[in-house]
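Working notes, beginning with the structure itself.
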Amino acid sequence: MTQQADNKAIVVERTQTGVKIEKRLLKVLKAMAEYHDITLGDLLEGIVLHAFDGKVAFGEESLARIRQLKEVYGLELDASASHRLQEKS
Numbered sequence: 094m095t096q097q098a099d100n101k102a103i104v105v106e107r108t109q110t111g112v113k114i115e116k117r118l119l120k121v122l123k124a125m126a127e128y129h130d131i132t133l134g135d136l137l138e139g140i141v142l143h144a145f146d147g148k149v150a151f152g153e154e155s156l157a158r159i160r161q162l163k164e165v166y167g168l169e170l171d172a173s174a175s176h177r178l179q180e181k182s
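For the sequence shown, the numbering used here begins at 94 and goes up steadily by one.
Rendered as structure tokens:
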């Protein structure tokens with residue numbers, strides 16, 4: 094397993110994708126990206142890379158912000174909802 098020990102930029106090829114995602118979840122994600130002054134794509138890449146390594150993507154301060162944003166946007170879903178979401182017909 095290769096680890097990036099330095100802060101050198103890593104050149105990647107990105108692609109545009111059309112992913113459907115739960116509306117309130119997207120609002121919280123967009124707000125978190127704005128809070129961290131990064132793009133939504135950068136936020137999602139960071140979350141996924143952390144998850145692939147079995148690591149937590151957010152520290153306590155960010156988790157507290159996420160809890161606030163979930164309340165603001167009425168997002169009551171948590172990890173237990175994973176794989177059980179069904180699209181409204």
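Cβ atoms here follow ideal geometry from the backbone N, Cα and C, with glycine treated the same way.
Buried versus exposed call for residue i [16 or more other C-beta atoms within 10 Å across all chains shown]
{"i": "Val121", "result": "buried"}
Beta-carbon gap between residue i and residue j smaller than 8 Å
{"i": "Leu70", "j": "Met125", "result": "Summary: the structure shown does not reach residue 70, with the chain confined to residues 94 through 182, and so no result is reported for it."}
{"i": "Gly134", "j": "Ala150", "result": "no"}
{"i": "Leu136", "j": "His129", "result": "yes"}
Nearest-angstrom Cα separation, counted from residue j out to residue i
{"i": "Ser182", "j": "Arg117", "result": "17 Å"}
{"i": "Gln179", "j": "Glu169", "result": "15 Å"}
{"i": "Tyr166", "j": "Arg177", "result": "20 Å"}
{"i": "Glu127", "j": "Arg158", "result": "12 Å"}
{"i": "Ser173", "j": "Arg160", "result": "16 Å"}
{"i": "Lys123", "j": "Leu142", "result": "18 Å"}
{"i": "Ala144", "j": "Gln109", "result": "21 Å"}
{"i": "Met94", "j": "Ile114", "result": "Residue placement at Met94 is flagged as unreliable, the pLDDT there being 45, under the threshold of 50; the coordinate-derived value follows with that caveat. So the two alpha carbons sit approximately 31 Å from each other."}
{"i": "Leu99", "j": "Glu153", "result": "Inspection of the sequence shows that residue 99 is occupied by Asp rather than by Leu. Roughly 24 Å separates the two Cα atoms."}
{"i": "Lys101", "j": "Gly111", "result": "30 Å"}
{"i": "Asp171", "j": "Asp146", "result": "21 Å"}
Minimum Cβ-Cβ distance from residue i to chain C less than 8 Å
{"i": "Val141", "result": "Reference to chain C is not applicable here, since this structure consists of a single protein chain."}
Would you mind listing the alpha helix (DSSP H) stretches within the region 108 to 154 that are 4+ residues and don't spill past its ends, in chain order?
116 to 128, 133 to 145
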